[in-house]
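Protein chains in written order, with the numbering used here: chain A, 3 to 315; chain B, 3 to 315.
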């Protein structure tokens, strides 16, 4: 059946998960970005943005959603053009995969309008081009889980090798987004070229344990394995009140806590929804007192569906 | 029931598994060390060694099996002494956890003679003291799998945190031991204090994938994830003919191949016993031609039982 109009939601993601820097990511239920796309007679892309956030580029040359849509149109040369509206709900620089959600929503929407549709996993290579535009590197640790859902391992970037991790979806993830911006480029600038071998060994021990914890749904194991001895110590100072918020999460029952993506959002691990709500309240309180900024709070299990088509016709 | 005599077998182990340097290890069926221990009236330990190998210390002050037995006797002060015979079947410096097998066989044997026996996992802290004696560091990546069987993750050394990994035991492990000695201390001397962050990230991506592969019994995934971009390149030159042997394994159908422990043994990953046998023949052939040394070959699935009591009475 030919689709003339489609609306897609692509979820936010927690990448890195502490120890799994640059290789692990999970999708969560909220927030997320939305794209509505229509077939139009005129060839090419007509692009517009609706948002309440500042700094969202409306120029198609500067927006990742338009960029990846154009790449797909160039490759597949459909006998129609596309009018696309990006409902940019996520703020930029949140550490929750904002650019990834836009790119993913866009590629899934364009794909839904094509005559011959690609599998979701084949859309990944277009979505990572949005990341290349946004941060200079084709990172997949946000786009893969936003697209595919669940927990994703980016085992290798050359060649790109993405593995959906076995998941027992019992653990609750708490995300607190302090309303400041940490730009990915800045957060990457604090990274050293070399790290102590001893720290690297501890980190890959944690990554293995985290992989086991995700598959068994063991909140205690996940919590201790999100420990990040390499990147968190270097990025914590970019987030005002980080240590206070982290301690408040642990005091409220979190089994672990670290930075989501490149920040400023934090995530915490909870064994149940009730504990998750307690952690969220404590972290939000710490954010307003220690960081003196308002924050957004999200609580969910892993979103196993990834990007979804909300409406079509 | 009071045991007066006990014979224990502790298996060899493949530690590191390539990417899982210092944190992962599996037990295999053969080779292994054996300890027979008897209660005796005289207090303390009477120790002797039976072996065909050179360089096995017979002095109890220098032998790991005697050392860990003495530690247990000191702590538990049983109302009897122990006469122990170590049947040292594994050569020293093989990369197959030779000292670990001796230590583990010893602690399991002593434990079997005690009135109040400890759980296997509680014996780990004694066995690692044998590793401290042998190599200067209390490594657990050989003793844990030799003791407990299966695949073990040493998530942390401080505090010691050992996790038995979920395992689907379908993959076949081929081990070739060229009859030369690589001493652990020497193999550790080539390690740098710092490693490129980029390599470390690739390594922990592989470790995560390896953890998934072990749990799903996926030979292809395990094979590609044993890729070690940090340690293997530095240690390969300590093993004459390493690259020829590795290539012969891959040509014969191995999905992956790397150094076992600190070498000189190599391990290769096979999807079936038939392929494993073909790989073993090819590697042994390469060893005699490229390294010009004889070798021992072992083929098995993961040994899930670990140290076992062969006889008691």
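The C-beta atom is built at its ideal place from N, Cα and C for all residues, glycine as well.
Against chain A, with Cβ distances strictly below 8 Å, would residue 217 of chain B count as a contact? In the second chain, the residue the question calls residue 217 of chain B occupies position 215. By this cut-off, residue 217 of chain B is an interface position.
- Starting from the C-beta of residue 204 of chain B, find all residues in its chain whose C-beta is less than 6 Å away, skip the five residues before and the five after it, and write them out in chain order. On the second chain, residue 204 of chain B is found 202 positions in, with the first residue counted as 1. Taken in chain order, the residues that qualify are 231.
> Would you call the region 227 to 241 of chain B and the region 192 to 209 of chain B touching, i.e. three or more CB-CB distances under 8 Å?
Replying inline: yes
Would residue 265 of chain A and residue 301 of chain A qualify as a contact pair, given that the criterion is a beta-carbon distance under 8 Å? For this step, residue 265 of chain A is matched to residue 263 along the first chain. For this step, residue 301 of chain A is matched to residue 299 along the first chain. No, these two residues do not count as a Cβ contact at 8 Å.
DSSP state of residue 49 of chain B mapped onto helix, strand, coil: As a working note, residue 49 of chain B is residue 47 in the second chain. Assigned with DSSP and collapsed to three states, residue 49 of chain B falls in strand.
(Q) So, with DSSP's three-state summary, where would you put residue 147 of chain A? (A) Within the first chain, the letter at position 145 stands for residue 147 of chain A. Looking at residue 147 of chain A - three-state DSSP - the assignment turns out to be helix.
Requested in this report: Return yes when the Cβ of residue 255 of chain A is within less than 8 Å of the Cβ of residue 280 of chain A, no when it is not.
Outcome: Here residue 280 of chain A refers to the residue found at position 278 of the first chain. Here residue 255 of chain A refers to the residue found at position 253 of the first chain. The answer is yes: Cβ separation under 8 Å.
key: Cβ of residue 30 of chain B within 8 Å of any chain A Cβ   = Position 28 of the second chain, counting from 1, holds the residue named residue 30 of chain B. No, residue 30 of chain B lies away from the interface with chain A (no Cβ there is under 8 Å from its Cβ).
ask   = For residue 154 of chain A and chain D, any beta-carbon pair shorter than 8 Å?
value = The structure shown contains no chain D; the protein chains it does contain are A and B.
CB contact below 8 Å: residue 269 of chain B versus chain A: Within the second chain, residue 269 of chain B is the residue found at index 267, counting from 1. No, residue 269 of chain B does not count as interfacial toward chain A.
For residue 4 of chain A: DSSP bridge partner residues:
By 1-based counting over the first chain, the position of residue 4 of chain A is 2. Residue 4 of chain A pairs with nothing; no bridge assigned.
Report task. Report back the beta-carbon spacing between residue 11 of chain B and residue 310 of chain B to the nearest angstrom; my notes put them in contact at under 8 Å. Result -> For the purposes of this step, residue 11 of chain B is identified with residue 9 of the second chain, where counting begins at 1. For the purposes of this step, residue 310 of chain B is identified with residue 308 of the second chain, where counting begins at 1. Contact flag correct, Cβ pair sits at about 5 Å.
Apart from the five residues on each side of it in sequence, which residues of its chain come closer than 6 Å, Cβ to Cβ, to residue 292 of chain A?
-> The residue you call residue 292 of chain A lines up with position 290 of the first chain. Around residue 292 of chain A: 243, 246.
**OP:** With DSSP as the reference, please indicate the residues paired to residue 42 of chain B in a beta bridge.
**Re:** Mapped onto the second chain, residue 42 of chain B falls at position 40. Answer is B/83, bridged to residue 42 of chain B.
* Asked: When we look at the beta-carbon of residue 23 of chain B and count the other beta-carbons within 10 Å, is it buried (16 or more) or exposed?
  -> Residue mapping note: residue 23 of chain B aligns to position 21 of the second chain, counting from 1. It counts as buried.
Less than 8 Å between CB atoms is the rule here; does residue 259 of chain B satisfy it with respect to chain A? Along the second chain, read from residue 1 onward, the residue named residue 259 of chain B stands at position 257. Output row for residue 259 of chain B: interface = no.
task = Compare the C-beta of residue 168 of chain A against all C-beta atoms of chain B and say whether one is closer than 8 Å.
result = For the purposes of this step, residue 168 of chain A is taken as residue 166 along the first chain, with counting starting at 1. For residue 168 of chain A, the answer is yes, since a Cβ of chain B falls inside 8 Å of its Cβ.
Proximity to residue 68 of chain B [Cα-Cα], best of B/82, B/57, B/105: The sequence position of residue 68 of chain B within the second chain is 66, counting from 1. Nearest C-alpha to residue 68 of chain B: B/105.
Between the region 83 to 95 of chain B and the region 118 to 135 of chain B, can you find at least three pairs of beta-carbon atoms closer than 8 Å?
no
Beta-carbon proximity list for residue 183 of chain A, same chain, < 6 Å, skipping 5 on both sides: Along the first chain, one-based indexing puts residue 183 of chain A at 181. Only 95 meet the Cβ criterion.
Worksheet entry | Enclosing alpha helix (DSSP H) for residue 207 of chain B [first to last residue] | Position 205 of the second chain, counting from 1, holds the residue named residue 207 of chain B. Residue 207 of chain B -> alpha helix (DSSP H) spans 199 to 218.
Q.
Checking 8 Å against the spacing of the C-beta atoms, do residue 37 of chain A and residue 136 of chain A come in under that value?
A. Counting from 1 along the first chain, the entry for residue 37 of chain A is found at position 35. Counting from 1 along the first chain, the entry for residue 136 of chain A is found at position 134. No, the pair does not count as a contact, with Cβ atoms beyond the cut-off.
How about residue 144 of chain B and residue 15 of chain B: do their beta carbons lie closer than 8 Å?
Counted from its first residue, the second chain places residue 144 of chain B at position 142. Counted from its first residue, the second chain places residue 15 of chain B at position 13. Yes. Within cutoff.
Using a beta-carbon distance below 8 Å, is residue 14 of chain A in contact with chain B? Your numbering for residue 14 of chain A matches position 12 in the first chain. For residue 14 of chain A, the answer is no, since every Cβ of chain B falls outside 8 Å of its Cβ.
(Q) Assuming the contact rule is C-beta atoms closer than 8 Å, residue 306 of chain A and residue 214 of chain B should be a hit. Round their C-beta distance to whole Å, please. (A) Taking the first residue of the first chain as position 1, residue 306 of chain A is located at position 304. Taking the first residue of the second chain as position 1, residue 214 of chain B is located at position 212. Rounded, the Cβ-Cβ distance is 17 Å, inconsistent with contact.
* Asked: Counting contacts by CB-CB distance shorter than 8 Å, is residue 176 of chain A in contact with chain B?
  -> For the purposes of this step, residue 176 of chain A is identified with residue 174 of the first chain, where counting begins at 1. Closer than 8 Å: no.
| task | Using the Cα positions of residue 199 of chain A and residue 233 of chain B, report the straight-line distance between them to the nearest angstrom. | result | What you label residue 199 of chain A is simply residue 197 of the first chain in a count that begins at 1. What you label residue 233 of chain B is simply residue 231 of the second chain in a count that begins at 1. Residue 199 of chain A and residue 233 of chain B have their C-alpha atoms roughly 10 Å apart.
Determine, using beta carbons only, whether residue 75 of chain B and residue 62 of chain B come nearer to each other than 8 Å. Position 73 of the second chain, counted from the start, is the residue given in the question as residue 75 of chain B. Position 60 of the second chain, counted from the start, is the residue given in the question as residue 62 of chain B. No, Cβ-Cβ distance for residue 75 of chain B and residue 62 of chain B is not below 8 Å.
Residues of chain A with CB closer than 7 Å to the CB of residue 207 of chain B, please, in chain order. By one-based count along the second chain, residue 207 of chain B stands at place 205. Here the neighbours are 25, 155, 156, 157, 158.
Worksheet entry | Collapsed DSSP secondary structure at residue 281 of chain B in the structure displayed | On the second chain, position 279 is the one that residue 281 of chain B refers to. If DSSP states are grouped into helix, strand and coil, residue 281 of chain B belongs with the helices.
Open item on the list: Measuring only the C-alpha atoms, how far is residue 257 of chain B from residue 201 of chain A?
Closed with: Stepping through the second chain from its first residue, residue 257 of chain B is reached at position 255. Stepping through the first chain from its first residue, residue 201 of chain A is reached at position 199. Rounded to the nearest angstrom, the two C-alpha atoms are 29 Å apart.
Burial state of residue 57 of chain A, where buried means 16 or more other Cβ atoms lie within 10 Å = In the first chain, residue 57 of chain A corresponds to position 55, counting from 1. With fewer than 16 other Cβ atoms within 10 Å, it is exposed.
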